[in-house]
Amino acid sequence: MKFGVVVFPGTWSDCDFHYVISELLRQPVEYVWHRSPDLSEFDCMILPGGFSYGDYLRAGAIAGRSPVVEALPDFAARGGLVLGSCNGFQILCEAGILPGALMKNECLQYRCQSTHLLVENAETPFTRGTRPGQVLKMPISHGEGKYYCDRQTLRTLKERNQIVFRYCTESGDVTGEANPNGSLENIAGIINDEGTVLGLMPHPERAAEGAMGVTDGLLIFHSLLGGLVEAGSFLKR
Amino acid sequence: MRARVFVTLKRGILDVQGTAVKRALEGLGFTEVKDLRMGKVLEVELELQDAARARSRLEEMCQKLLANPVMEEFSVEIVDNGTRPTLPERARGD
Chain A
85 MKFGVVVFPG
95 TWSDCDFHYV
105 ISELLRQPVE
115 YVWHRSPDLS
125 EFDCMILPGG
135 FSYGDYLRAG
145 AIAGRSPVVE
155 ALPDFAARGG
165 LVLGSCNGFQ
175 ILCEAGILPG
185 ALMKNECLQY
195 RCQSTHLLVE
205 NAETPFTRGT
215 RPGQVLKMPI
225 SHGEGKYYCD
235 RQTLRTLKER
245 NQIVFRYCTE
255 SGDVTGEANP
265 NGSLENIAGI
275 INDEGTVLGL
285 MPHPERAAEG
295 AMGVTDGLLI
305 FHSLLGGLVE
315 AGSFLKR
Chain B
4 MRARVFVTLK
14 RGILDVQGTA
24 VKRALEGLGF
34 TEVKDLRMGK
44 VLEVELELQD
54 AARARSRLEE
64 MCQKLLANPV
74 MEEFSVEIVD
84 NGTRPTLPER
94 ARGD
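So the sequences go chain by chain: A and B.
Heads up: the first sequence begins at 85 in the working numbering, then just goes up one per residue.
Heads up: the second sequence begins at 4 in the working numbering, then just goes up one per residue.
Listed below in structure tokens is the structure:
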């Protein structure tokens, strides 16, 4: 039962995730340098936010081709779980592990603000502690978070219930005003078809204790831990 | 061998940066600008002599890293094969 927090040059939310997992959840966690392809000792890998490799070329493009990311498909196929937040989501899309892409915010502004998220799929290992239609409050902090995919991919995402979070109003309405970055159909987070890799632009690690003003991010961690407690380990070792 | 790779957003995808620049040009009086799309130019020097081979390798680079096929398209231009003046010299007008 162990978390790995991946660190790229330019990652900035690694310490936040490490703090939440070690200090608030009291779970074993280790930093994993981006050159490490060996994930055998972990159950859940976290790709934190930041600006990996300076986000040169495109956000997450270079990180998406790094040894640790290239090891993720095998890791997930063995039952490991992967959570990518912010730059982590961008990296997962760039690596082709999740469909679609994150583009420059439609407003052209870097958006650092609180958002509300509608839980669309509460049957994932990351959201099993929530209920469908629940509204979670979590901050975002990004310049390139506009989710885009082609029509066919969008259809597939909907058919397979892969849209996990949408930006919404406080009361749970999915509106244009509640969409901070111009994401297609307010998409804030998606999961892969197998239900093992979640990517989301918001920061659950920055909404994890009272001092942060909001604790809804903990629901994602608690969801993960619930599965760990029941199964002992995700990995089919 | 020198080459240029052009990466732009696919047609039909809103280019917010290009739109902002177009608006700024309008503000400066350049009202004739009908459309403006921004992209990237990558100048690449290759240790290859054969233009066809260079083109095929560059296309492979675009597919694997330089362009994101979800939202971008690319084109490759072989600038010179080593016999003509290099880019910076030509830019200076030499």
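Heads up, the beta-carbon is just placed ideally off N, CA and C, and yes, glycines get one too.
So residue i and residue j are in contact, right, with Cβ under 8 Å, and what is the actual spacing, rounded?
{"i": "G88 (chain A)", "j": "G138 (chain A)", "result": "Contact flag wrong, Cβ pair sits at about 23 Å."}
{"i": "M74 (chain B)", "j": "A272 (chain A)", "result": "So it is not a contact: roughly 18 Å between Cβ atoms."}
{"i": "L201 (chain A)", "j": "M222 (chain A)", "result": "6 Å"}
{"i": "N171 (chain A)", "j": "N265 (chain A)", "result": "In fact, because the Cβ distance is near 14 Å, the residues do not count as touching under 8 Å."}
{"i": "T199 (chain A)", "j": "P286 (chain A)", "result": "6 Å"}
{"i": "I81 (chain B)", "j": "R58 (chain B)", "result": "6 Å"}
{"i": "G283 (chain A)", "j": "G168 (chain A)", "result": "4 Å"}
{"i": "M129 (chain A)", "j": "F159 (chain A)", "result": "6 Å"}
{"i": "T11 (chain B)", "j": "G42 (chain B)", "result": "3 Å"}
{"i": "Y115 (chain A)", "j": "D98 (chain A)", "result": "6 Å"}
{"i": "S267 (chain A)", "j": "G229 (chain A)", "result": "7 Å"}
What is the DSSP secondary structure of residue i, reduced to helix, strand or coil?
{"i": "F9 (chain B)", "result": "strand"}
{"i": "S136 (chain A)", "result": "helix"}
{"i": "D97 (chain B)", "result": "Confidence at D97 (chain B) is low in this model, with a pLDDT of 43, below 50, so its placement is unreliable and the value that follows should be read with caution. Here D97 (chain B) sits in coil by DSSP."}
{"i": "K320 (chain A)", "result": "For K320 (chain A), the predicted model reports a pLDDT of 48, less than 50, meaning its position is unreliable; a value from the coordinates is still stated below. Of the three classes helix, strand and coil, the one that applies to K320 (chain A) here is coil, per DSSP."}
{"i": "F210 (chain A)", "result": "coil"}
{"i": "H118 (chain A)", "result": "coil"}
{"i": "I181 (chain A)", "result": "coil"}
{"i": "M296 (chain A)", "result": "helix"}
{"i": "D83 (chain B)", "result": "strand"}
{"i": "F159 (chain A)", "result": "helix"}
{"i": "P151 (chain A)", "result": "helix"}
{"i": "H287 (chain A)", "result": "coil"}
{"i": "K221 (chain A)", "result": "strand"}
{"i": "Y194 (chain A)", "result": "coil"}
{"i": "T22 (chain B)", "result": "helix"}
{"i": "S124 (chain A)", "result": "coil"}
{"i": "K67 (chain B)", "result": "helix"}
{"i": "I105 (chain A)", "result": "helix"}
{"i": "G301 (chain A)", "result": "coil"}
{"i": "A262 (chain A)", "result": "coil"}
{"i": "T95 (chain A)", "result": "strand"}
{"i": "L309 (chain A)", "result": "helix"}
{"i": "L238 (chain A)", "result": "helix"}
{"i": "L51 (chain B)", "result": "coil"}
{"i": "E46 (chain B)", "result": "strand"}
{"i": "I146 (chain A)", "result": "coil"}
{"i": "G88 (chain A)", "result": "strand"}
{"i": "R250 (chain A)", "result": "strand"}
{"i": "G173 (chain A)", "result": "The residue you asked about is not Gly; residue 173 (chain A) is Phe in the sequence shown. DSSP places F173 (chain A) in helix when its eight states are reduced to three."}
State yes or no: is the beta carbon of residue i nearer than 7 Å to at least one beta carbon in chain B?
{"i": "R142 (chain A)", "result": "yes"}
{"i": "R321 (chain A)", "result": "For R321 (chain A), the predicted model reports a pLDDT of 40, less than 50, meaning its position is unreliable; a value from the coordinates is still stated below. Chain B, which has no Cβ nearer than 7 Å to the Cβ of R321 (chain A), makes this no."}
{"i": "A58 (chain A)", "result": "An answer regarding residue 58 (chain A) cannot be provided, because it is not within the stretch 85 to 321 covered by chain A."}
{"i": "G94 (chain A)", "result": "no"}
{"i": "F210 (chain A)", "result": "no"}
Starting from the beta carbon of residue i, find every residue of chain A whose beta carbon is closer than 8 Å, and list them in chain order.
{"i": "Q20 (chain B)", "result": "K188 and L192"}
Please tell me whether residue i has its Cβ less than 7 Å away from any Cβ of chain A.
{"i": "M41 (chain B)", "result": "no"}
{"i": "A54 (chain B)", "result": "no"}
{"i": "A27 (chain B)", "result": "no"}
{"i": "A23 (chain B)", "result": "yes"}
{"i": "R95 (chain B)", "result": "Residue placement at R95 (chain B) is flagged as unreliable, the pLDDT there being 48, under the threshold of 50; the coordinate-derived value follows with that caveat. Chain A contact via Cβ: absent."}
Identify the contact partners of residue i in chain C, using a Cβ-Cβ distance below 8 Å as the criterion.
{"i": "Y232 (chain A)", "result": "Given the protein chain composition of this structure (A and B), no chain C is represented."}
Going along chain B, which residues have a C-beta under 8 Å from residue i?
{"i": "A145 (chain A)", "result": "L68 and N71"}
{"i": "T228 (chain A)", "result": "Reading off the sequence shown, one finds Glu at residue 228 (chain A), where the question assumed Thr. Near E228 (chain A) there are no residues of chain B at all, since even the closest Cβ is about 11 Å away, more than 8 Å."}
{"i": "E178 (chain A)", "result": "N71"}
Since residue i meets chain B, which of its residues come closer than 7 Å, beta carbon to beta carbon?
{"i": "E154 (chain A)", "result": "Neighbours of E154 (chain A) on chain B: none; closest Cβ ~12 Å, over 7 Å."}
{"i": "R149 (chain A)", "result": "L68"}
For residue i, return the contacting residues in chain B, with the cut-off set at a CB-CB distance below 9 Å.
{"i": "R110 (chain A)", "result": "Going along chain B, no residue has its Cβ under 9 Å from R110 (chain A), so there is no contact; the nearest lies around 39 Å."}
- Does the segment 193-208 of chain A come within contact of the segment 262-281 of chain A, defined as at least 3 CB pairs closer than 8 Å? Yes: at least three Cβ pairs fall under 8 Å.
- Query: Counting pairs of Cβ atoms below 8 Å between the segment 141-151 of chain A and the segment 114-123 of chain A, do you hit three or more?
  - Reply: These segments touch.
- Query: On the three-pair Cβ rule with 8 Å, is the segment 127-142 of chain A touching the segment 243-261 of chain A?
  - Reply: The segment 127-142 of chain A, when compared against the segment 243-261 of chain A, does not touch it at the 8 Å Cβ threshold.
- Would you call the segment 25-33 of chain B and the segment 74-84 of chain B touching, i.e. three or more CB-CB distances under 8 Å? Verdict: no, contact absent.
- Message: Using a Cβ distance threshold of 8 Å, determine whether the segment 291-309 of chain A contacts the segment 98-116 of chain A, with at least three qualifying pairs required.
- Response: Enough Cβ pairs lie closer than 8 Å, so yes.
- Task: Evaluate the contact criterion for the segment 5-17 of chain B versus the segment 243-252 of chain A: three or more CB pairs, one atom per stretch, below 8 Å.
- Result: Touching, no, given that fewer than three Cβ pairs across the two stretches are closer than 8 Å.
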